[in-house]
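Visitor:
2 protein chains.
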Amino acid sequence: MVDILHRIGVKGSASAEVFAALTTTEGLAGWWTRDVSGGSGVGEVVAFRFPPVGGFDMRVLESEPGRRVVWEVVDGPPEWVGTRVSWDVRESDGWTVVLFAHSGWAEPVEFMHHCSTKWATFLMSLKGFVESGTGAPAPGDVVVSDWH
Amino acid sequence: MVDILHRIGVKGSASAEVFAALTTTEGLAGWWTRDVSGGSGVGEVVAFRFPPVGGFDMRVLESEPGRRVVWEVVDGPPEWVGTRVSWDVRESDGWTVVLFAHSGWAEPVEFMHHCSTKWATFLMSLKGFVESGTGAPAPGDVVVSDWH
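These protein sequence lines map, in sequence, to chains A and B.
Numbers given in my numbering equal positions in the first sequence, counted from 1, plus 597.
Numbers given in my numbering equal positions in the second sequence, counted from 1, plus 597.
1. Are V607/B and E728/B closer than 8 Å when you measure CB to CB?
2. How about H711/B: is its C-beta nearer than 8 Å to some C-beta of chain A?
3. Taking a cut of 8 Å between CB atoms, which residues from the stretch 721–742 of chain A lie near chain B?
4. Tell me, please, whether the CB atom of V615/A is closer than 8 Å to any CB atom in chain B?
5. With three or more C-beta pairs closer than 8 Å as the rule, is the stretch 614–623 of chain B touching the stretch 721–739 of chain B?
6. Do you know offhand how far G635/A's Cα is from S700/A's?
7. Please identify, using Cβ separations under 9 Å, the residues of the stretch 688–714 of chain B that lie next to chain A, in order along the chain.
8. In the DSSP output, which residue or residues are listed as bridge partners for D672/A?
9. Are there three or more Cβ pairs, one per stretch, closer than 8 Å when the stretch 675–692 of chain A is compared with the stretch 648–664 of chain A?
10. Taking the C-alpha atoms as reference points, what is the distance between H710/A and V639/B?
11. Helix, strand or coil for G640/A per DSSP?
12. Closer than 9 Å, Cβ to any Cβ of chain B: which residues of the stretch 600–611 of chain A, in chain order?
13. Taking CB distances under 8 Å as the criterion, tell me whether T718/A reaches chain B.
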């Protein structure tokens, strides 16, 4: 099992705003994809779509306000199904630190390399969205390669 | 042992340009840090500095023109020493694909999360540097957090 790991810092005491960006349709649409729907409470499924290439369905496993969110991928690319995406948030010295993990990949396939880079650009999008209100969600997301 | 993995695509048939960006002082200064010195042939050591916080010394283990470069970290933060950084380059359908690995981390510490995100921004800097001549090397690099 291999994991994708990232860490960003959002300026200011923004754990509530980061949590909202991870747990509301409006927030998620501000940095990941405009095409998001479904519920975001524990046990509910959030559907993220990236037309025309498909998307991911995430079941919310944990949702602790201002601190932690965990999703399990229940539908999407075969490499993703069964993996987990976790977000740990804390405030420290005027920053809001977000530790990210997309864990449980079966193999370090080339698609995992791609997703690691792509997650970084979406995390930077999340940072920009919370800091300034301007993210780069799909379909206006950052192009990292031929795989978009 | 855990690894940081990334994948970018540079537009065009640019494997020679990517290789030059990884193996010449001028190239490395265009996307990673302006403060780079040393030799870049196999067995030589390249010194990357990020004033005022330190840097990394990399011994070149492999250098296969247009295809592959491998460095071993011989000095720097303790978590980095002994790890390896590899770059695999190939051209495919009008793109130059770069597979990156920073492998051999002893533990998935928080600093590794940070380095993963930071590597992604430097890979995007490499992409920009080769595609358009404009990278974002230190000290003008992208700030991802309180750890810079």
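For every residue, glycine included, the Cβ atom is placed at its ideal position computed from N, Cα and C.
Values in this document were obtained by computation on a predicted structure and should not be read as measured data.
Guide: Considering the structure as presented:
1. yes
2. yes
3. M721, K724, V739, V741, S742
4. By the rule that beta-carbons nearer than 8 Å mark a contact, V615/A does not touch chain B.
5. Contact check between the stretch 721–739 of chain B and the stretch 614–623 of chain B: three or more CB pairs, one atom from each, fall below 8 Å, which counts as touching.
6. C-alpha separation (whole angstroms): 23 Å.
7. Considering only beta carbons, the part of the stretch 688–714 of chain B lying closer than 9 Å to chain A consists of S689, D690, G691, W692, V694, V695, L696, F697, A698, P705, E707, F708, M709, H710, H711, C712, S713, T714, in chain order.
8. D654/A
9. Yes: the two stretches touch, three or more of their Cβ pairs being nearer than 8 Å.
10. 26 Å
11. coil
12. D600, I601, L602, H603, R604, I605, G606, V607, K608
13. Output row for T718/A: interface = yes.
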